[in-house]
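**Student:** The sequence shown: position 165 = 165 (the numbering used here), numbered continuously.
All C-beta atoms, glycine included, are put in the ideal place defined by N, C-alpha and C.
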Amino acid sequence: MTARTLSNAQGGISNMQYLFQIYDEMQFDYDLLHIQRLRRSSNFVPGSGSLVPRAILVGEAPGANENREQRPFVGRSGIFLEGVLKDSGMLRSDVFITNVVKYQPPGNRDPSPKEINESLPFLRRELALLGTSGCRTIIAMGKIACSSLLGEDISVTNYRGKFLPMKNGWQVFVTYHPSFIIRSIRPDSPPSLVEKQFRADFRTVGEYVNTQVK
């Protein structure tokens, strides 16, 4: 599978072609940037969703399920996230989902600062393209996504549930990563505090983006 099999994308053909170009260049430049180790150990996982999104969801990097299916947020985290989106008044088809780094790091470790820095220019190009639709809302899921987007060390605990300003009129909404929430879920137990917070966060964003729909 290559970037040209991007799944579930909607929108104008010119924007679609430009997104394919971004992903093709990204796969090529990952080699030039001497992080071939990511390509050897995993598959390229492009973003997925609407090209006229109500919000853009950004995680840190693909996991094992995403690496296998070459689609962001699948498996338990994807099922859980889709349920939370639905409860907030949005569907997966209403949003665009991507990661800062598009390859699964070896051993499923966190992306290194080098890998993040070399991936950020492509993420910015993704956002610039998606922003032509008028979308200016990013849901940053987890510390790595939040800190990478805002260019500073962000404590999710301190800032979750808040919109933080980014350049060019973008707003970054800070929340937890779905995998962190899933680890807190216990069978036959009431929802944990962080799960309640996560669901409340998405309801906040859902209410906000609904006011932006014309």
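Can you find a heavy atom of the ligand MN that lies under 7 Å from the Cβ of D94?
**Tutor:** Looking for the ligand MN in the displayed structure turns up nothing, as the structure carries no ligands at all.
**Student:** In the DSSP assignment, what residue or residues form a beta bridge with G59?
**Tutor:** Beta-bridge pairing links G59 to N99.
**Student:** Got a sec? Which residues, its chain only, sit under 8 Å from L130 by beta carbon, not counting five neighbours each side?
**Tutor:** So the list reads L51, P53, I56 and F96, once near-sequence residues are dropped.
**Student:** Taking C-beta to C-beta, are V100 and S148 nearer than 8 Å?
**Tutor:** Their beta carbons are under 8 Å apart, which means V100 touches S148 by this criterion.
**Student:** So, for G63: in the same chain, excluding its five sequence neighbours on each side, which residues have a beta-carbon less than 8 Å away from its beta-carbon?
**Tutor:** Cβ within range, chain order: G75, S77, Q104, N108 and S179.
**Student:** Using DSSP with H/G/I as helix, E/B as strand and the rest coil, what is S184?
**Tutor:** In the structure shown, S184 sits in a helix (DSSP, three-state: H, G or I).
**Student:** Taking only the alpha-carbon atoms, compute the straight-line gap between F20 and C146 and give it to the nearest angstrom.
**Tutor:** The straight-line gap from Cα to Cα measures roughly 25 Å.
**Student:** Check this for me: beta carbons of V194 and I182, under 8 Å apart or not?
**Tutor:** In this structure, I182 does not lie closer than 8 Å to V194 by Cβ.
**Student:** Let me check understanding here. Comparing Cα to Cα, which of K86, I154, N168 and E126 lies closest to E207?
**Tutor:** Here the closest residue by C-alpha is K86.
**Student:** Any idea what DSSP makes of I154, helix, strand or coil?
**Tutor:** Note: I154 maps to coil in three-state DSSP.
**Student:** Count the other C-beta atoms from every protein chain shown that fall within 10 angstroms of the C-beta of L91, then say buried if there are 16 or more, exposed otherwise.
**Tutor:** Exposed: under 16 other Cβ atoms inside 10 Å.
**Student:** Would you report the Cα separation of Y23 and S189, rounded to the nearest angstrom?
**Tutor:** One C-alpha to the other measures close to 42 Å.
**Student:** Which first and last residues belong to the beta strand (DSSP E) in which V52 is found?
**Tutor:** Run containing V52: none; DSSP gives neither H nor E here.
**Student:** Excluding five sequence neighbours on each side, which residues of the same chain lie with their C-beta closer than 6 Å to the C-beta of G247?
**Tutor:** The structure shown has nothing for residue 247, since the chain only spans 1 to 214.
**Student:** Should N67 be labelled buried (16 or more other beta-carbon atoms within 10 Å of its own) or exposed?
**Tutor:** When all chains shown are included, N67 counts as buried.
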